[in-house]
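**Q**
There are 2 protein chains.
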Amino acid sequence: MPLALYHRRMGMPPADRLGIDLHRADLELMAAKRLAVDPAGLTVPQYAALYVLADSPGISGAALARSCQVTPQAMGVLLKHLTERGLVERAPHRWHRNVLETRLTDRGRAALELADERATEVEQCLADEFTEAEQEQFRAFLNRAERALRHAADDLG
Amino acid sequence: MPLALYHRRMGMPPADRLGIDLHRADLELMAAKRLAVDPAGLTVPQYAALYVLADSPGISGAALARSCQVTPQAMGVLLKHLTERGLVERAPHRWHRNVLETRLTDRGRAALELADERATEVEQCLADEFTEAEQEQFRAFLNRAERALRHAADDLG
DNA sequence: TGACAGTCATCAATGCATTGATGATGATGG
DNA sequence: CCATCATCATCAATGCATTGATGACTGTCA
Numbered sequence: 001m002p003l004a005l006y007h008r009r010m011g012m013p014p015a016d017r018l019g020i021d022l023h024r025a026d027l028e029l030m031a032a033k034r035l036a037v038d039p040a041g042l043t044v045p046q047y048a049a050l051y052v053l054a055d056s057p058g059i060s061g062a063a064l065a066r067s068c069q070v071t072p073q074a075m076g077v078l079l080k081h082l083t084e085r086g087l088v089e090r091a092p093h094r095w096h097r098n099v100l101e102t103r104l105t106d107r108g109r110a111a112l113e114l115a116d117e118r119a120t121e122v123e124q125c126l127a128d129e130f131t132e133a134e135q136e137q138f139r140a141f142l143n144r145a146e147r148a149l150r151h152a153a154d155d156l157g
Numbered sequence: 001m002p003l004a005l006y007h008r009r010m011g012m013p014p015a016d017r018l019g020i021d022l023h024r025a026d027l028e029l030m031a032a033k034r035l036a037v038d039p040a041g042l043t044v045p046q047y048a049a050l051y052v053l054a055d056s057p058g059i060s061g062a063a064l065a066r067s068c069q070v071t072p073q074a075m076g077v078l079l080k081h082l083t084e085r086g087l088v089e090r091a092p093h094r095w096h097r098n099v100l101e102t103r104l105t106d107r108g109r110a111a112l113e114l115a116d117e118r119a120t121e122v123e124q125c126l127a128d129e130f131t132e133a134e135q136e137q138f139r140a141f142l143n144r145a146e147r148a149l150r151h152a153a154d155d156l157g
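If you read the sequences in order, they're chains U and Z. Here the first sequence is numbered in the UniProt record's numbering, starting from 1 and rising by one per residue. Here the second sequence is numbered in the UniProt record's numbering, starting from 1 and rising by one per residue.
#1: Using beta carbons (cut-off 7 Å, strictly below), is Z/A148 in contact with chain U?
#2: Can you tell which of U/G108, U/M12, U/W95, U/R97 has the C-alpha that lies nearest to the C-alpha of U/T83?
#3: On the DSSP letters alone, give me the boundaries of the beta strand (DSSP E) that Z/T101 sits inside.
#4: Closest to Z/A48 by CA distance: which of Z/R147, Z/P14, Z/A32, Z/A115 is it?
#5: For U/E28, count neighbouring C-beta atoms within 10 Å of its own C-beta (all shown protein chains included) and say buried if the count is 16 or more, exposed if not.
#6: Report the residue from Z/V37, Z/D26, Z/Q46, Z/G157 whose alpha carbon sits nearest the alpha carbon of Z/L104.
#7: Is Z/R97 helix, strand or coil when you go by DSSP?
#8: Is the number of C-beta pairs between the segment 17-28 of chain Z and the segment 49-66 of chain Z that are closer than 8 Å three or more?
#9: Would you verify that the beta carbon of U/V122 is, or is not, closer than 7 Å to some beta carbon of chain Z?
#10: Note down the Cα distance separating U/G157 from Z/D106, rounded to an integer number of angstroms.
#11: Would Z/L100 be called buried (16 or more neighbouring beta carbons within 10 Å of its own) or exposed?
#12: Using a Cβ-Cβ distance under 7 Å, would Z/R139 count as near chain U?
#13: Could you please give me the residues that DSSP links to Z/L88 through a beta bridge?
Listed below in structure tokens is the structure:
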């Protein structure tokens, strides 16, 4: 076997892998958002949780986890940190004593608004790169990709 | 102030935030890849590292980190795990005694090929969702987004 | 009433990723 | 020759996220 072929190509050349471009773009997005929300003392997942919480006060941790697309365990840790820092409050539901209602505190709302101002700049910068029509095309591509990948996951599972 | 406006909208409505769609698609991609490489006993970042390593034997940990778009520290932990499991080997460079040359072991190569077979299926499933022309458009959108976001990060930093 | 399914919270183990700081090494230039 | 700079590895702290397992509670259905 020729040495030149020993380090042979894997199943598909990297340049053809759309997933690589998708992931690279997302890494850049997360890096920018991290920079944006950092001055507010928040991480990106914390910002996401507060953002949902602002529109859904009293939501359960599990429901919040679904909204943020993470597992309940991950959200539990995140909420524990936010509670310790006084950005959210959790209290047992009046009837369903098993669920902990979660709400923003004033400090939490303040941090969210500070973070959202800069996070919005990132989204605006992203939007400004595209015309309205392009944004629609881009969004459609992303949603089709998401759907295709969900089917791929179903097949593999 | 009317109660209906108390939970007021943040800076930009969620439906307008392209970043949300981008991130959701990436989450789905990562979930599918996770399922794909799991039977090989690998995580997605481990698969990525082995993939680069297969084409760049003897690369340094820091260079590998750059290729995989993570910090050297993150790559260090990852390589520590892979070394302990015998999937890669690390040895001091002959001249630059400070750098550790990293190489796949046979077991590492076997795991990579097993993982790559299924990971390629995911990429194929993604590619099959789009025509050739659409793939090029999609890729162009992603690269423009990446560029715009890098500039956004520069502005914020 | 009593079994069952669904939802919620939580503990534990593992792994990824970041910032910040430290120290070793090799190349560059005064 | 020595100072400086860049690169590399590594330690430590913090936080995100996953799977797996456990226990508590609600409501339903037999």
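We put the CB at the ideal spot given by N, CA and C, even for glycine. Keep in mind that this is a model prediction, so the values were computed, not measured.
**A** On the basis of the supplied data:
#1: So, interface residue.
#2: U/T83 has its Cα closest to that of U/G108, out of U/G108, U/M12, U/W95, U/R97.
#3: Sequence inspection shows Glu at residue 101 of chain Z; the Thr mentioned does not correspond to that position. Z/E101 -> beta strand (DSSP E) spans 100-104.
#4: Answer by Cα proximity: Z/A115.
#5: Counting Cβ neighbours within 10 Å, U/E28 comes out buried, since at least 16 surround it.
#6: Nearest in C-alpha terms to Z/L104, of all of Z/V37, Z/D26, Z/Q46, Z/G157, is Z/Q46.
#7: Of the three classes helix, strand and coil, the one that applies to Z/R97 here is coil, per DSSP.
#8: In this structure the segment 17-28 of chain Z does not lie against the segment 49-66 of chain Z, because fewer than three pairs of beta carbons, one per stretch, are closer than 8 Å.
#9: Taking 7 Å as the threshold, the shortest C-beta distance from U/V122 to chain Z falls below it.
#10: The C-alpha of Z/D106 is placed about 28 Å away from the C-alpha of U/G157.
#11: Counting other Cβ atoms within 10 Å of its Cβ, Z/L100 reaches 16 or more and is therefore classed as buried.
#12: Output row for Z/R139: interface = yes.
#13: According to the sequence provided, residue 88 of chain Z is Val. The question's Leu does not apply to it. As DSSP reads the structure, Z/V88 sits in a beta bridge with Z/L104.
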